[in-house]
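Structure first, then comments.
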Amino acid sequence: MSGLVHLILDPPQSGVWNMAVDAALLEESLTRDAIFLRLYRWSEATVSLGHFQDVAEQQRDPRLASLPTVRRLSGGGAILHHHEQTYSCCLPPSHPLAQQPSQLYERIHAVFVEWLSEFGVEVVPRGRDSSRPDEPFLCFLREAAPDLVINGHKVLGSAQRRRRGAVLQHGSLLIRASEHASELIGVSELAPQFSDSTTTTLELAERLSKCLGPEVIQNDVPPTVQANASLLVKSACHDR
Amino acid sequence: MAPGHLKYAKTHEWLSLAGDVGTIGISDFAVKELTDLVYMGLPNVGKKLSAGDVFGEIESVKAVSDLYAPVSGEVIEVNSNIPNDLDLLSKDAFGKGWLIKMRLSNPAEATTLLDAAAYEQQCAAGH
Chain D
1 MSGLVHLILD PPQSGVWNMA VDAALLEESL TRDAIFLRLY RWSEATVSLG HFQDVAEQQR
61 DPRLASLPTV RRLSGGGAIL HHHEQTYSCC LPPSHPLAQQ PSQLYERIHA VFVEWLSEFG
121 VEVVPRGRDS SRPDEPFLCF LREAAPDLVI NGHKVLGSAQ RRRRGAVLQH GSLLIRASEH
181 ASELIGVSEL APQFSDSTTT TLELAERLSK CLGPEVIQND VPPTVQANAS LLVKSACHDR
Chain S
1 MAPGHLKYAK THEWLSLAGD VGTIGISDFA VKELTDLVYM GLPNVGKKLS AGDVFGEIES
61 VKAVSDLYAP VSGEVIEVNS NIPNDLDLLS KDAFGKGWLI KMRLSNPAEA TTLLDAAAYE
121 QQCAAGH
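Just so you know, the protein sequences line up as chains D and S, in that order. Counting with my numbering, you get residues 1 to 240 for the letters of the first sequence. Counting with my numbering, you get residues 1 to 127 for the letters of the second sequence.
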């Protein structure tokens, strides 16, 4: 592994495409022994289900029932992706942070804490897991130790998929509330001094890159990944 | 402690061989590393697998991970208790926590797996 981080800053895309690219990047990371970091958003409000979640649960919430749905490779609760900044990173087995799930959560989340603190936003790790036997459907209503919270409100959650020693970790920073789940408020509502702009996103990308490797190069999604993602999209449509 | 009569894959699956039938599970080391288990998906009986193929998926509070067939063959039995009682894995990973039984198409593949001592060495190195 070279330590070179391939940074991809993607425009907003559909949920099916976003998840297919993350899945294809995980395979590419394994095949090429390469590190990928991707920042992206969503072209429309979309619900992503945790890997084992039942789609029927979504249908029970009338606010979410009609929204596009995609299944994640990672686990956990459903996420309503609307006004958020999403990141994903894929690390090959040889990367030191690929060995221990907790370390990768901690390191990436620490970067968000540091970045948000530049705006004067006080965000802290929750530090404890929920012991509830009946977990809520939505991820942002669940409680996990690595979550980042502002005054008790979860603003960042992440999840992992591990494959043959490689790891995909992706996570969502809730920027502001969606009309489809107004009870979930974001950083902008909790800390109005926060500025969501292209410049600040670039600063975040730079900080995250440094956390994953000493060098960074900005690329588009590699053609092999585009091709594999297209196949995954076709397969996802076929399975419906 | 890895039982001495089993064989082990580097990816933490164990194999118990009786004739051409192999019982497969995951080690207690893997269960502890995964921490709290949430869901498990196992294959249907009749599924044909080559060594190294994904045969199942397990979700813990930390991550979703794949499970790999240590040998080639056909799935002939699935432990149907497991998806509803993941505690079996924590309590008895090498016994009641077995996952699938396979009829091996090439039993000689089992000789390429690790013995208990080599597997424990791998675990001691944190892998």
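Quick reminder that beta carbons are idealized off the backbone N, C-alpha and C, glycines included.
Contact set for residue i: own chain, Cβ-Cβ below 8 Å, skip 5 residues either direction
i, result
"D220 of chain D", "I8"
"D115 of chain S", "G4, K7 and Y8"
"E84 of chain D", "R41, W42, S172, L173, L174, I175 and G186"
"V155 of chain D", "V123, L148, V149, L173, L174, G186, V187 and L190"
"E77 of chain S", "V45, I100 and K101"
"P12 of chain D", "Y40, R41, W42 and S43"
"H127 of chain S", "K10"
"N151 of chain D", "L190"
"K47 of chain S", "F55, E74 and V75"
"K91 of chain S", "G97"
Cβ separation of residue i and residue j, assumed to be a contact under 8 Å, to the nearest whole Å
i, j, result
"V121 of chain D", "V187 of chain D", "6 Å"
"Q23 of chain D", "L73 of chain D", "First, the residue type needs correcting, since residue 23 of chain D is Ala and not Gln in the sequence shown. Indeed, because the Cβ distance is near 5 Å, the residues count as touching under 8 Å."
"F119 of chain D", "F194 of chain D", "5 Å"
"E179 of chain D", "G3 of chain D", "With a Cβ gap of about 43 Å, E179 of chain D and G3 of chain D do not count as contacting."
"D36 of chain S", "S60 of chain S", "6 Å"
"I24 of chain S", "M40 of chain S", "Not confirmed; about 13 Å, so no contact."
"A78 of chain D", "Q53 of chain D", "6 Å"
"A20 of chain D", "V233 of chain D", "5 Å"
"A51 of chain S", "E120 of chain S", "Not really, about 22 Å apart at Cβ, beyond 8 Å."
"L113 of chain S", "P70 of chain S", "6 Å"
Proximal residues to residue i (C-beta, below 6 Å), its chain only, five neighbours per side dropped
i, result
"P93 of chain D", "G165 and A166"
"S105 of chain S", "S72 and G73"
"V5 of chain D", "I35, L37, S209, L212, G213 and V216"
"H12 of chain S", "I26, S27 and A30"
"S88 of chain D", "D22, R38 and H170"
"H82 of chain D", "A45 and S178"
Proximal residues to residue i (C-beta, below 7 Å), its chain only, five neighbours per side dropped
i, result
"V55 of chain D", "L49 and T69"
"H51 of chain D", "R71, R72, L73, S74 and G75"
"T31 of chain D", "none"
"L86 of chain S", "L37 and M40"
"Y81 of chain S", "Per the sequence presented here, residue 81 of chain S reads as Asn, with Tyr not at that position. Same-chain partners within the cutoff: L88."
"A229 of chain D", "W17, A20, V21 and A24"
"W115 of chain D", "E203, L204 and R207"
Checklist entry - Three or more C-beta pairs closer than 8 Å, one from the segment 43-61 of chain D and one from the segment 141-158 of chain D: is that the case here? => result no
Next on the checklist: Between the segment 209-225 of chain D and the segment 96-115 of chain S, can you find at least three pairs of beta-carbon atoms closer than 8 Å?
Outcome noted: no
Checklist entry - Any contact of the segment 161-168 of chain D with the segment 198-217 of chain D, i.e. 3+ C-beta pairs under 8 Å? => result no
Checklist entry - Quick one: complete beta strand (DSSP E) runs, 3+ long, within the segment 25-79 of chain D? => result 35-40, 46-49 and 69-71
Checklist entry - What are the uninterrupted segments assigned as beta strand (DSSP E) that are 3 or more residues long and contained completely in the segment 149-202 of chain D, given in chain order? => result 153-163 and 166-174
Item to check | Residues from the segment 56-82 of chain S in contact with chain D, defined by Cβ distance under 9 Å | outcome: E57, E59, S60, V61, K62, A63, V64, S65, D66 and Y68
Item to check | Selection of the segment 45-66 of chain D by Cβ proximity to chain S, strictly under 7 Å | outcome: H51 and F52
Checklist entry - Which ranges would you report for the beta strand (DSSP E) in the segment 105-142 of chain D if only whole runs of at least 3 residues count? => result none
Checklist entry - Any residues in the segment 159-186 of chain D with a beta carbon nearer than 8 Å to a beta carbon of chain S? Which ones, in chain order? => result A159, Q160, R161, R162, R163, R164 and V167
Next on the checklist: Residues of the segment 95-129 of chain D in Cβ contact with chain S at a cutoff of 9 Å, in chain order, please.
Outcome noted: Q99, Q100, P101, S102, Y105 and D129
Next on the checklist: At a CB distance below 8 Å, what residues from the segment 21-41 of chain S approach chain D? Give them in sequence order.
Outcome noted: D36, V38, Y39 and G41
Checklist entry - Quick one, which residues of the segment 72-86 of chain D are near chain S if we go by CB-CB under 9 Å, in chain order? => result R72, L73, S74, G75 and G76
Item to check | Ranges of the beta strand (DSSP E) found wholly within the segment 53-118 of chain S, counting only runs of at least 3 | outcome: 54-60, 64-68, 73-78 and 100-104
Item to check | Every unbroken alpha helix (DSSP H) within the segment 18-51 of chain S, with a cutoff of 4 residues, ordered by chain | outcome: 28-34
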